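Since the structure comes first, as structure tokens, the remarks are kept for the end.
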Amino acid sequence: MSIRVGIVGISGFGGGEAMRLIAGHPSFELVHAAGEGSAGSRLGDRFPGAPAKLAGMVIERWDPAALPDLDLLFASLPTGSSAEALARVRPEVKIVDIGGDHRYAEGWAYGLADIWPERIEGQRCVANPGCFPSAVLTPLAPLLAEGLVEPGRIVIDAKTGISGAGRGGADSRFGYAESNENLVPYGLLRHVHMPEMERTIERLSGGSAAGLVFTPHLVPMTRGLLATLYCRGRVTTERCLDAARRFYAGRAFVRVTDRPPQTKWATGSNLAFVSYAADPERELVIAMGVVDNLGKGAAGQAVQNANLICGLPETAGLEGAPVWP
Numbered sequence: 184m185s186i187r188v189g190i191v192g193i194s195g196f197g198g199g200e201a202m203r204l205i206a207g208h209p210s211f212e213l214v215h216a217a218g219e220g221s222a223g224s225r226l227g228d229r230f231p232g233a234p235a236k237l238a239g240m241v242i243e244r245w246d247p248a249a250l251p252d253l254d255l256l257f258a259s260l261p262t263g264s265s266a267e268a269l270a271r272v273r274p275e276v277k278i279v280d281i282g283g284d285h286r287y288a289e290g291w292a293y294g295l296a297d298i299w300p301e302r303i304e305g306q307r308c309v310a311n312p313g314c315f316p317s318a319v320l321t322p323l324a325p326l327l328a329e330g331l332v333e334p335g336r337i338v339i340d341a342k343t344g345i346s347g348a349g350r351g352g353a354d355s356r357f358g359y360a361e362s363n364e365n366l367v368p369y370g371l372l373r374h375v376h377m378p379e380m381e382r383t384i385e386r387l388s389g390g391s392a393a394g395l396v397f398t399p400h401l402v403p404m405t406r407g408l409l410a411t412l413y414c415r416g417r418v419t420t421e422r423c424l425d426a427a428r429r430f431y432a433g434r435a436f437v438r439v440t441d442r443p444p445q446t447k448w449a450t451g452s453n454l455a456f457v458s459y460a461a462d463p464e465r466e467l468v469i470a471m472g473v474v475d476n477l478g479k480g481a482a483g484q485a486v487q488n489a490n491l492i493c494g495l496p497e498t499a500g501l502e503g504a505p506v507w508p
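Everything in the sequence shown is counted per this note's numbering, starting at 184 for the first residue and increasing by one.
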């Protein structure tokens, strides 16, 4: 079965990673590439390592009214850039929005593929979670599902590679000179991912996420994301690990580890690693989640969601091993 696929925003980090995964997918055929600033150039010019079968494809200017005959569209546009345009895509085209405009929007499934696959299967439109929520909610979900930690007063300290900030333009603050040997907190108190994390915590727990604290940081590496969560709960480390093993039993992409995870473990993959350390006497639970911010945090989970809505095996095109070292 060949499923005709388009990518809009293909010259960005998320769109380029989606292209890489789709190029090796057994059922997806990339037939349309679109963008804004890159329109008119060939994929091979933007991505010299693109497969020969795709290198000559010309990037079209993004116009939802001029899409060719597609079955599936991946949209990798900056938050605030896709809502109006994607509303004009023909209703027979399935959409996975890697950007942030449709998370918890009416008519869109929230695509936490490892936690709620049954809510995604058969849907037409899926909103991919942000990279930080993917790393945060994966270790947190088993604890909330079994009531092991309080849903409020959770403190999240998260660190992402520079690609998590997007490609940017010529005036980008994330060039080599600005980023090398530099650690930068940003988005304090009002980060764009806060609402989706709060809402998901409340759905998982049935309680309030009031008091949630989230501080993201950019670290001088290209890709990778580590989230460390500090929660309140009188529970042991082993019980947290057992809860996660039960919750993710049979799930292909979540690995529960009894040692602190590292970002390199996930590089280039759709894997998520989770682990825990708990001190019941202090009522302290430390939960840790690691993803590749361009994999599980963006294009990898987008392909996983596309597999679910297209009725394909969830792992199709995503079974490659991480890049190590």
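Beta carbons are placed, not taken as given, at the ideal position from N, Cα and C, and that holds for glycine. Quick caveat: nothing in here was measured; it's all calculated off a predicted structure.
By DSSP's assignment, D425 forms no beta bridge with any residue. Boundaries of the alpha helix (DSSP H) harbouring F315: 314-328, taken from the DSSP string. If you compare the alpha carbons of E385, R187, N311 with that of G335, the shortest gap goes to E385. By the criterion of a C-beta distance shorter than 8 angstroms, A426 is surrounded in its chain by P325, L326, A328, E329, L331, once the five residues flanking it on both sides are discounted. Across the set A249, G199, G433, the C-alpha of G433 shows the shortest separation from the C-alpha of E497. If you look at R438, you'll find it in the beta strand (DSSP E) that goes 437-439.
D228: member of the alpha helix (DSSP H) spanning 226-229, first to last residue. Counting only unbroken stretches of 4 or more residues, the alpha helix (DSSP H) elements lying wholly within the stretch 233-269 are 235-238, 266-269, in sequence order.
In terms of Cβ geometry, Y459 and A470 form a close pair [threshold 7 angstroms]. When secondary structure is reduced to three states using DSSP, R406 falls in the coil class, being assigned neither helix nor strand. In the DSSP assignment, L467 falls within the unbroken beta strand (DSSP E) covering 467-474. A288 and W245 have their C-alpha atoms roughly 22 angstroms apart. In terms of Cβ geometry, I186 and A216 do not form a close pair [threshold 7 angstroms]. When the beta-carbon positions are compared, F436 and L454 come within less than 7 angstroms of each other. E381 and A296 have their C-alpha atoms spaced approximately 18 angstroms apart. Under a 10 Å Cβ-count criterion, M202 is classified as buried, with 16 or more other Cβ atoms of the shown protein chains found around its own Cβ.
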